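Chains as they are written, first to last, in this note's numbering: chain A, 1 to 115; chain B, 1 to 113.
Each residue gets a CB set at the ideal place from its N, CA and C atoms; glycine is no exception.
If you're wondering where the values come from, they're calculated on a predicted model, not measured in any experiment.
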């Protein structure tokens, strides 16, 4: 049962253009969403997050949009740069369970920025 | 420099052997987590610990064991009971158990021959 889905395994974008990565979720109890970036053979690094009380959060070139009715969020990267080439994971949190916040991750989308 | 260290980066073991993966953090974080990543899949939670001497099973705990004797350390043992142990293992920590943001270590790639 995949509660968080990233339906595009890969995405290729030209440098300078906008990259849009999508994520869908099924559990309406999720109230916090995060995006992580991962390079090969390294651990994921936190990129940006959004609470369910908001529909948009912006940080420099990165903007996350949340559509609660559609259970959909997206990450926009503008303008895309070669260093953005990585795997991006969407993650969702549904509150405290047994004393900890458990994150549920999507499968990841490999973003390639072409010069 | 604060951070999470995992060692070794690459590990090879023969089938049937237990192996322990190290995870240390000097961030003074309360909660620690172990994830497994397989090709084309997201991170799946193996075990987590919100406080010293306490830990909980995640979604795929079978064949794994952990301990949390110190706040800084959360080693993971992959036992011979784990049917498909070859994977990339990631350790993470967070400030408080209720924190949403988790910080990850560099990972250990385990290959069972």
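Is residue i buried or exposed, if buried means 16 or more other CB atoms sit within 10 Å of its CB?
i                     : result
residue 29 (chain A)  : exposed
residue 20 (chain B)  : exposed
residue 78 (chain A)  : exposed
residue 10 (chain B)  : exposed
residue 105 (chain B) : buried
residue 29 (chain B)  : buried
residue 109 (chain A) : buried
residue 54 (chain A)  : exposed
residue 14 (chain A)  : exposed
residue 102 (chain A) : buried
residue 96 (chain B)  : exposed
Is the beta carbon of residue i sitting closer than 8 angstroms to the one on residue j?
i                     : j                     : result
residue 36 (chain A)  : residue 47 (chain A)  : yes
residue 12 (chain A)  : residue 112 (chain A) : yes
residue 89 (chain A)  : residue 90 (chain B)  : no
residue 41 (chain A)  : residue 107 (chain B) : yes
residue 72 (chain A)  : residue 22 (chain A)  : yes
residue 177 (chain B) : residue 2 (chain A)   : Because chain B is modelled from 1 through 113, residue 177 (chain B) falls outside the range shown and cannot be assessed.
residue 77 (chain B)  : residue 111 (chain B) : no
residue 22 (chain B)  : residue 75 (chain B)  : yes
residue 18 (chain B)  : residue 94 (chain B)  : no
residue 74 (chain A)  : residue 19 (chain A)  : no
Going along chain E, which residues have a C-beta under 8 angstroms from residue i?
i                     : result
residue 101 (chain B) : You won't find chain E in this structure, because its protein chains are A and B.
In three-state DSSP terms, what is residue i?
i                     : result
residue 59 (chain B)  : coil
residue 84 (chain A)  : helix
residue 39 (chain A)  : coil
residue 101 (chain A) : strand
residue 29 (chain A)  : coil
residue 95 (chain B)  : coil
residue 72 (chain B)  : coil
residue 113 (chain B) : coil
residue 50 (chain A)  : strand
residue 108 (chain A) : coil
Measure the C-alpha to C-alpha separation of residue i and residue j and round it to an integer number of angstroms.
i                    : j                    : result
residue 59 (chain A) : residue 45 (chain A) : 15 angstroms
residue 50 (chain A) : residue 93 (chain A) : 11 angstroms
residue 10 (chain A) : residue 39 (chain A) : 14 angstroms
residue 24 (chain B) : residue 5 (chain B)  : 5 angstroms
residue 27 (chain B) : residue 3 (chain B)  : 6 angstroms
residue 54 (chain B) : residue 69 (chain B) : 9 angstroms
residue 66 (chain A) : residue 25 (chain A) : 11 angstroms
residue 12 (chain B) : residue 82 (chain B) : 15 angstroms
residue 61 (chain A) : residue 36 (chain B) : 30 angstroms
Fill in: Near-chain B residues of the segment 72 to 90 of chain A - C-beta to any C-beta below 9 angstroms
89 and 90
Worksheet entry | Members of the segment 62 to 95 of chain B near chain A, C-beta cut-off 9 angstroms | 88, 90, 91, 92 and 94
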